[in-house]
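*Asks:* Chains A and B, in that order, give the protein sequences.
Here the first sequence is numbered in our numbering, starting from 2 and rising by one per residue.
Here the second sequence is numbered in our numbering, starting from 236 and rising by one per residue.
Just so you know, even glycine gets a beta-carbon here, dropped at the ideal spot from N, CA and C.
Being a predicted model, the structure only gives us computed values, none of them experimental.
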Amino acid sequence: MTTETLAPFDPLAEAIAAVDGWPEAAEPTETPATAPLPAPAGEAEVKPKDFLIIDYSGDLEKVWATMILASTSAAMGVKTSVFVTFWGLQVFVKDSRRITGENWMQKMMSAMQRPGISHRKLSKMNFFGMGPWMMGRLAKQHGVASPKELLEVAQMMGVEFLPCQMTMDMFGLKPEDMIEGMGEPVGAATVIGMLTDNTVPLFI
Amino acid sequence: MPVIEITQTVDARGLSCPMPIVKTAQAVKTLPSGAALELLATDAGSIKDVAAWCKATGNELVEQSSDATVYRFVIRKK
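And the structure:
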């Protein structure tokens, strides 16, 4: 069927054409060549998706990213939830708590890594606190809100922070160790259950 | 062009992402529908961010201007 055509043989084009479901190259789409003006606001409104962040890390820079994204998506009218687990859970322990846990191992864990959002370490260039201190200075110079400030904003704007029950048990953390305004502790099944077609999940 | 009556001004000068947007969202929440809000910002990212925020939330970006250092936006609540 292609023997009659004078078009040079293009193995890549042949391969692409062979792929099932590949869009036809020249198929005209419904949009006309002259691009229409963007629809006026309210007519073809983009419905924002729900946003679910799984905050696994307790590293300063990742916690910062979590807080920026959570507060921004709440500001954009997106229903936002943050599941806090593993090292992420340490972030939501009150800053004033020094040693947490019930047995010596849990106490040692908290002694080795001080809990609280104001005591986060960088995953690299920490240099015994020198890195985070410089990050804090630079942030202040450039008007960047601290993770703690962003957390307060996020909570004010209705972001739901859900602690992981299993990690709380493992670290021996009690509800009174956690900051005010946390949601009920939940398990992985609740988080998976939140993943509907309309939810964008992010693992940080 | 009729002069838009500004109901509230949000001064986010000197603040970085995401605070101009967050402050705008908080302020817009308290305004009645149709009221106009003025946002002043120095964060260059806010040019794109304010437009994106308006698109996502359905509020209208009525005006946008800038002088040497300050960006000014006027947003009408839907």
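Suppose the cutoff is 7 angstroms on Cβ atoms and the five residues either side in sequence are ignored; what does the same chain contact list for A/MET183 look like?
*Replies:* These residues qualify, in order along the chain: PHE93, PHE162, PRO164.
*Asks:* Ignoring anything shorter than 3 residues or poking outside the region 64 to 102 of chain A, list the beta strand (DSSP E) runs there in chain order.
*Replies:* Taking only runs of at least 3 residues, the beta strand (DSSP E) segments lying wholly in the region 64 to 102 of chain A are 81 to 85.
*Asks:* Would you be able to state if there are at least three C-beta pairs under 8 angstroms between the region 54 to 63 of chain A and the region 138 to 146 of chain A?
*Replies:* Result no; under three Cβ-Cβ pairs closer than 8 angstroms.
*Asks:* Contact check, B/PRO253 vs A/SER72 under 8 angstroms by CB: the rounded distance?
*Replies:* With a Cβ gap of about 6 angstroms, B/PRO253 and A/SER72 count as contacting.
*Asks:* Under 8 angstroms between the Cβ atoms of B/ILE239 and B/LEU272?
*Replies:* No, Cβ-Cβ distance for B/ILE239 and B/LEU272 is not below 8 angstroms.
*Asks:* When you compare the CB positions of A/VAL145 and A/THR81, do they come within less than 8 angstroms of one another, or not?
*Replies:* The answer is no: Cβ separation not under 8 angstroms.
*Asks:* Where does the unbroken alpha helix (DSSP H) through B/SER281 begin, and where does it stop?
*Replies:* B/SER281 -> alpha helix (DSSP H) spans 281 to 292.
*Asks:* Given that A/ALA189 touches chain B, what residues does it touch there, using C-beta distances under 9 angstroms?
*Replies:* Neighbours of A/ALA189 on chain B: none; closest Cβ ~29 angstroms, over 9 angstroms.
*Asks:* Using only the alpha-carbon positions, how far apart do A/MET179 and A/PRO186 sit?
*Replies:* The straight-line gap from Cα to Cα measures roughly 11 angstroms.
*Asks:* Looking at the secondary structure, which residues open and close the alpha helix (DSSP H) in which A/PHE172 lies?
*Replies:* Where A/PHE172 is concerned, the enclosing alpha helix (DSSP H) stretches over 166 to 172.
*Asks:* Cβ atoms of B/THR242 and A/GLY78: under 8 angstroms apart, would you say?
*Replies:* Not in contact: A/GLY78 and B/THR242 (Cβ atoms no closer than 8 angstroms).
*Asks:* Please tell me whether A/MET77 has its Cβ less than 8 angstroms away from any Cβ of chain B.
*Replies:* True, the Cβ-Cβ gap to chain B drops below 8 angstroms.
*Asks:* Give the DSSP bridge partners of A/ASP51, in chain order.
*Replies:* Beta-bridge pairing links A/ASP51 to A/THR200.
*Asks:* Short of 7 angstroms in beta carbon distance, which residues of its chain neighbour A/ALA155, apart from the five on each side in sequence? Order them along the chain.
*Replies:* Here the set comprises MET68, ALA71, SER72, ALA75.
*Asks:* A/THR101 and A/PHE172 - do their beta-carbons sit closer together than 8 angstroms?
*Replies:* Yes, the pair counts as a contact, with Cβ atoms nearer than the cut-off.
*Asks:* From this set, B/ASP246, B/ALA303, B/LEU274, B/VAL305, which residue's C-alpha is nearest B/CYS289's C-alpha?
*Replies:* For the residues B/ASP246, B/ALA303, B/LEU274, B/VAL305, the minimum Cα distance to B/CYS289 belongs to B/LEU274.
*Asks:* Is the beta carbon of A/VAL83 sitting closer than 8 angstroms to the one on A/ILE54?
*Replies:* Yes, they are a contact pair.
*Asks:* Would you mind telling me which residues of chain A sit closer than 7 angstroms to B/THR292, beta carbon to beta carbon, in chain order?
*Replies:* Chain A residues near B/THR292: MET77, GLY78.
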